[in-house]
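What follows is a single structure, written as structure tokens, with notes after it.
Residue numbers (our numbering), protein chains in the order written: chain A, 279 to 431; chain E, 279 to 431; chain F, 279 to 431.
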């Protein structure tokens, strides 16, 4: 374990993984903020916490486009960030070239920050599409490296 | 590897991670049970396995509030448990104080058990909200520890 | 780290984890392909990239059964593949019997390939149900092994 912390690729991976996990997790409070301010809830008990009047319940149990957009962005993070961290750790443990590894980590984290801005502020395409593809290709490239490393060990 | 199993923080993390992963995975069968008993399916082939009559198909392809609640609880697990296990492993590998690490693992697992009960039995708010926030803060605290550990190594 | 790459269970796990992560990630482009060919988008800016005419916007912002099926398959991967990789790594690090570990990894990856074919081509049940259960039981068995290994270390 001490030896892992001595490895610069591991330290670099741990830092970028933590950053992108924090970014992903912040989508939860972001969605909750939209639910509170737009008054759009999914659960009866959440609506009941806002108003006890029965006539308000139906009005509060609704979907809202801002909430749905935040949820779609969060979902895309689950589909992109989680595979990156999973394969990134295996990639790190195969002992890659430090410079090459850093290029992967930075390209991924950068692409996801662009993706979040493009999604949440509804920037015109292809900004979101391209940032999504960069993240995808970076992760697939690490998958290829892992398979290559274990097959030709 | 043998050395990892000698580490008490790793053994503790592995145990709590396995518990909370099992909890998360059980949401799948829980949802399937509601789909079967409430007769509410998402796929044509699932409805066809229940009844061959064409007039039944439309009746079986519907959404049900119990099913949707189980799905939302499962989704919240994906958004909370998966980041905990990802960052928890990196946190463990940075060599944290064993007592402090254990506090994090237990606070997270406890908060998620409360969250599941609060969600599935629709307990009044803020029970679910508070348990969700405890899990979130515990995970963010581990993210902070990981970044601090690798920057000041 | 070098020692991990010397371990045959780790190399085997890394290979199968990478394969099943690639499979999961390909659901993203698969969904995007259906969105483009079926002309069914979730975001206004995506519809706007297809046609500038305001009357087209409503027609393009719709849900499509092929798109929804791909999304459900992707979601099931998130719920199944991610726990497998998380617990599989911990399982690998507890030093399991190599043959027994390989049985788990192959059963899981095989079950998920069958699951994807059964889902995307709407094969009659119980093909999808059974493949899902095999993957679930394989992962739960690894959870049990991890807990047993750390408790009786």
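C-beta atoms are modelled at their ideal positions from N, C-alpha and C, and glycine is treated no differently.
From a predicted model like this one, the values you see are computed outputs, not experimental measurements.
Query, Result
"Validate contact between the segment 343-360 of chain A and the segment 306-324 of chain F using beta carbons, cut 8 angstroms, 3 pairs", "yes"
"Anticipated Cβ contact below 8 angstroms, residue 430(A) with residue 370(A), distance rounded", "With a Cβ gap of about 18 angstroms, residue 430(A) and residue 370(A) do not count as contacting."
"Classification of residue 357(F) by the beta-carbon crowding that lies within 10 angstroms, buried from 16 upward", "buried"
"Start-to-end residues for the alpha helix (DSSP H) that takes in residue 354(F)", "343-371"
"Helix, strand or coil at residue 375(F) according to DSSP, with G and I counted as helix", "coil"
"Spatial neighbours of residue 350(A) in its chain, beta-carbon cut-off 8 angstroms, leaving aside the 5 residues before and after", "397"
"Per-residue DSSP class, three states only, for residue 339(F)", "coil"
"Span separating the alpha-carbon of residue 331(A) from that of residue 317(A)", "14 angstroms"
"Closer than 8 angstroms to chain E by CB, residue 372(F)", "yes"
"Burial state of residue 377(E), where buried means 16 or more other Cβ atoms lie within 10 Å", "exposed"
"Collapsed DSSP secondary structure at residue 431(A) in the structure displayed", "coil"
"Interface positions of the segment 288-304 of chain F facing chain A (Cβ-Cβ less than 7 angstroms), listed along the chain", "289, 292, 293, 295, 296, 299, 300, 302, 303"
"contact_flag[the segment 378-387 of chain F, the segment 294-307 of chain E] where n(CB pairs < 8 angstroms) is 3 or more", "no"
"Neighbour list for residue 324(E) in chain F, Cβ cutoff strictly below 7 angstroms", "403"
"Cutoff 8 angstroms: residue 315(E) Cβ touching any chain A Cβ", "no"
"Under 8 angstroms between C-beta atoms of residue 374(E) and residue 405(E)", "no"
"Residue 400(F) at chain E interface by Cβ criterion, 8 angstroms", "yes"
"Three-state secondary structure (DSSP) of residue 423(A)", "helix"
"Spatially closest choice to residue 366(E) from 393(E), 416(E), 301(E), by CA coordinates", "416(E)"
"Option in 327(A), 282(A), 390(A), 291(A) with minimal Cα separation from residue 305(A)", "390(A)"
"Delimiting residues of the alpha helix (DSSP H) encompassing residue 301(A)", "286-316"
"Short CB-CB distance (under 8 angstroms) between residue 380(E) and chain F", "no"
"Under 7 angstroms (Cβ pairs) to chain E, residues found in the segment 346-369 of chain F", "350, 356, 357, 360, 361, 364, 365, 368"
"Cβ of residue 424(F) within 8 angstroms of any chain E Cβ", "yes"
"CB contact check: residue 282(A) to chain E, cutoff 8 angstroms", "yes"
"Separation of residue 410(F) from residue 419(F), as counted between CA atoms", "14 angstroms"
"Within chain F, partners of residue 306(E) - CB distance below 9 angstroms", "354, 357, 358, 410, 414"
"As assigned by DSSP and simplified to three states, the class of residue 320(E)", "coil"
"Neighbour list for residue 320(F) in chain A, Cβ cutoff strictly below 7 angstroms", "350"
"Rounded straight-line distance, which links the Cα of residue 308(E) to that of residue 412(A)", "37 angstroms"
"Pair within 8 angstroms by beta-carbon distance, residue 372(A) and residue 292(A)", "no"
"Cβ distance (whole Å) where residue 301(F) is taken to contact residue 394(F) below 8 angstroms", "7 angstroms"
"Spatial distance of residue 363(F) from residue 364(A) (CA atoms)", "7 angstroms"
"Backbone secondary structure at residue 386(F) - three-state DSSP", "helix"
"Test: residue 428(A) CB closer than 8 angstroms to a CB of chain F", "yes"
"Closer than 7 angstroms: residue 332(E) CB and nearest the ligand FAD heavy atom", "Ligands in the displayed structure: none, and consequently the ligand FAD is not present."
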